[in-house]
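Below is one structure, written out as structure tokens; the observations come after it.
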Amino acid sequence: MAHYRSIGEVPPKRHTQHRDSQGRLYREELMGEEGFSSDSALLYHRGVPSAITASEVWELPDQTRVPNHPLKPRHLRLHELATDPSSGGDPVTGRRLVLGNHDVRIGYVQTGVDPSAYYRNAIGDECVYVEQGSGSVETVLGVVGYRTGDYVVVPRATTHRWVPAEPSRLYAIEANSHIAPPKRYLSRYGQLLEHAPYCERDLHGPTEPFLVEGADVEVLVKHRTSAGIVGTRMTYATHPFDVVGWDGCLYPYTFNVEDYMPITGKVHQPPPVHQVFEGQNFVICNFLPRKVDYHPLAIPVPYYHSNVDSDEVMFYVGGDYEARKGSGIGLGSISLHPGGYAHGPQPSAIEASLGAECFEESAVMVDTFAPLDLGEGGLAVEDPAYAWTWAKDS
Numbered sequence: 001m002a003h004y005r006s007i008g009e010v011p012p013k014r015h016t017q018h019r020d021s022q023g024r025l026y027r028e029e030l031m032g033e034e035g036f037s038s039d040s041a042l043l044y045h046r047g048v049p050s051a052i053t054a055s056e057v058w059e060l061p062d063q064t065r066v067p068n069h070p071l072k073p074r075h076l077r078l079h080e081l082a083t084d085p086s087s088g089g090d091p092v093t094g095r096r097l098v099l100g101n102h103d104v105r106i107g108y109v110q111t112g113v114d115p116s117a118y119y120r121n122a123i124g125d126e127c128v129y130v131e132q133g134s135g136s137v138e139t140v141l142g143v144v145g146y147r148t149g150d151y152v153v154v155p156r157a158t159t160h161r162w163v164p165a166e167p168s169r170l171y172a173i174e175a176n177s178h179i180a181p182p183k184r185y186l187s188r189y190g191q192l193l194e195h196a197p198y199c200e201r202d203l204h205g206p207t208e209p210f211l212v213e214g215a216d217v218e219v220l221v222k223h224r225t226s227a228g229i230v231g232t233r234m235t236y237a238t239h240p241f242d243v244v245g246w247d248g249c250l251y252p253y254t255f256n257v258e259d260y261m262p263i264t265g266k267v268h269q270p271p272p273v274h275q276v277f278e279g280q281n282f283v284i285c286n287f288l289p290r291k292v293d294y295h296p297l298a299i300p301v302p303y304y305h306s307n308v309d310s311d312e313v314m315f316y317v318g319g320d321y322e323a324r325k326g327s328g329i330g331l332g333s334i335s336l337h338p339g340g341y342a343h344g345p346q347p348s349a350i351e352a353s354l355g356a357e358c359f360e361e362s363a364v365m366v367d368t369f370a371p372l373d374l375g376e377g378g379l380a381v382e383d384p385a386y387a388w389t390w391a392k393d394s
């Protein structure tokens, strides 16, 4: 996030001596993207950030994926997805894979109130939508609180843990890349522009250091090998949360959907106007309560459309989704409409929408530019009747 912050104690000049009151030198760590060519943060540790005492295999939760073949639209009921008893609803290890491809994976977990393991995703950024619940995410860069409706964006390789204040429902979008605001919302220097549906005031990052003492601290690391995605359990000699200060443009932050200003028009607006973030080969959009089209002959629900280049995933999180009436979809549902298949509203929903002045609906959409496979979590809660509902309603 190219929006500068300075937290805690930092020296006046980068890469110069920075000492505590007893004269001990802090260890400087540059955490940066794309080598040394993109956003970074400069951290000052009490301990040595490289000092590990053990490295062991961490067996990841089931990452099996099954192609969507034969091709058809899918309906997945995530609220029926049981918590894996072995994870106890851990916000990280309890995630069950719902959908995924080589660019992005979507997982879901219904948490308890126990903190997660310490965790670092070394594959890509994570954008976790908080469907329900509240708590905090403790990170090496400080603490961010979360609440219902938040996107929690955690940069790649940020050591952190989730601390729920209450049972929470988390929809985790894990990238193989970085996740950021769409480029068309940004100036050439990275400032959010006037036509963007949100601004820097809406992004909430850490405000102070978070210092924790400790030794022999285990961190679960998800990372890449030539064989694919794997996990390692690293033990650190000192606690990773020993940063007395940092500055830069790379840090975790939250953004709440209540602060998103929907863009509307005289006739139906296409999904890109609802975009909130983008990653490599995928985008994230949100459909929120809003005024709808005001042309006298407007049809407020979407027209039928073919996903020529993408798979569309819609996660229904609030309100009453007009276009899906009669399909079986409700709160907690996912619809997957794959490339190669024309989809749109249920036929009866078109006439029913005429004359509507507003829609009271909330959904999070992920569009991918490579086909999505089904994970074990998605297969466990599929509604097999969904694909045929347009024929029944025609």
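First residue of the sequence shown: 1, per the UniProt record's numbering; consecutive thereafter. Beta carbons are placed, not taken as given, at the ideal position from N, Cα and C, and that holds for glycine.
Extent of the continuous alpha helix (DSSP H) run through residue i
i, result
"Ile329", "First-last for Ile329: undefined, no H or E at that position."
"Ala380", "376-380"
"Thr389", "389-392"
DSSP bridge partner residues for residue i (one or two, in chain order)
i, result
"Gln275", "Cys285"
"Ile350", "Ile350 is not bridged to any residue."
"Val104", "Ala175"
"Ser306", "Ala342"
"Tyr4", "Answer is none; Tyr4 lacks a bridge partner."
"Tyr316", "Ala363"
"Arg65", "Gly375"
"Gly245", "Gly8, Tyr44"
"Leu71", "None; Leu71 has no bridge partner."
"Arg169", "Gln110, Gln132"
"Pro192", "Residue 192 is actually Leu in this sequence, not Pro. DSSP lists Leu186 as partners of Leu192."
Residue i, DSSP secondary structure in three states
i, result
"Leu372", "coil"
"Glu200", "helix"
"Lys183", "helix"
"Tyr321", "coil"
"Glu126", "strand"
"His79", "helix"
"Tyr251", "coil"
"Val10", "coil"
"Tyr386", "helix"
"Asp311", "strand"
"Val364", "strand"
"Glu258", "helix"
"Lys291", "strand"
"His337", "strand"
"Gln110", "strand"
"Val48", "coil"
"Glu138", "strand"
"Leu99", "strand"
Delimiting residues of the beta strand (DSSP E) encompassing residue i
i, result
"Trp162", "160-164"
"Leu30", "27-32"
"Ile52", "52-57"
"Glu360", "It is not in any beta strand (DSSP E) - Glu360 carries neither H nor E in the DSSP assignment."
"Arg120", "119-121"
"Ser134", "Unbroken run through Ser134: none, as it is neither H nor E."
"Ser40", "40-45"
"Ile299", "Unbroken run through Ile299: none, as it is neither H nor E."
"Tyr151", "150-154"
"Tyr146", "142-146"
"Glu218", "215-225"
"Thr232", "228-238"
Cβ-Cβ separation, residue j to residue i (assumed contact under 8 Å), whole Å
i, j, result
"Val113", "Pro164", "5 Å"
"Lys13", "Ile123", "Contact flag wrong, Cβ pair sits at about 34 Å."
"Ser134", "Glu166", "6 Å"
"Gln280", "Asn176", "7 Å"
"Gly141", "His3", "Note that residue 141 is Leu in the sequence shown, not Gly. Contact doesn't hold; Cβ gap of about 14 Å is too wide."
"Leu288", "Tyr316", "At roughly 12 Å, the Cβ-Cβ gap does not stay under 8 Å, so Leu288 and Tyr316 are not in contact."
"Thr83", "Thr235", "Rounded, the Cβ-Cβ distance is 27 Å, inconsistent with contact."
"Tyr303", "Ala342", "With 8 Å as the limit, Tyr303 and Ala342 do not qualify as a contact, their Cβ atoms being about 10 Å apart."
"Tyr146", "Ser136", "7 Å"
"His160", "Tyr119", "6 Å"
Interface flag, residue i vs chain B, CB-CB below 8 Å
i, result
"Ile263", "Of the chains in the structure shown, none is chain B; there is only one protein chain."
Three or more C-beta pairs closer than 8 Å, one from the region 145-159 and one from the region 92-107: is that the case here? No: fewer than three Cβ pairs fall under 8 Å.
For the region 329-341 against the region 73-83, are there 3 or more C-beta pairs whose distance is under 8 Å? Between the region 329-341 and the region 73-83 there are three or more C-beta pairs closer than 8 Å, enough to call the two in contact.
So does the region 203-210 actually touch the region 5-21, counting three or more Cβ pairs closer than 8 Å? A contact exists between the region 203-210 and the region 5-21.
Using 8 Å as the cut-off, can you tell me whether the region 313-323 makes contact with the region 354-366, which would need three or more C-beta pairs spanning the two stretches below that distance? A contact exists between the region 313-323 and the region 354-366.
Meets three-Cβ-pair contact criterion under 8 Å: the region 267-286 and the region 235-243: Judged by pairs of C-beta atoms under 8 Å, the region 267-286 does not touch the region 235-243, as fewer than three such pairs exist.
Tell me, please, whether the region 165-185 touches the region 100-116 by the rule of three or more beta-carbon pairs shorter than 8 Å. Verdict: yes, contact present.
Give a yes or no on contact between the region 243-256 and the region 143-152, applying the rule of three or more CB pairs nearer than 8 Å. The answer is yes - the region 143-152 touches the region 243-256, with three or more Cβ pairs under 8 Å.
Taking one C-beta from the region 382-389 and one from the region 191-201 each time, how about it: are there three or more such pairs within less than 8 Å? With a cut-off of 8 Å, the region 191-201 and the region 382-389 do not count as touching, because too few Cβ pairs lie within range.
Specify whether the region 213-220 and the region 26-43 touch according to this definition: at least 3 beta carbon pairs, one from each stretch, less than 8 Å apart. Counting Cβ pairs under 8 Å, fewer than three are found: no touch.
Touching or not, the region 342-352 and the region 292-301, by the rule of three or more beta carbon pairs under 8 Å? With the cut-off at 8 Å, the region 342-352 and the region 292-301 touch.
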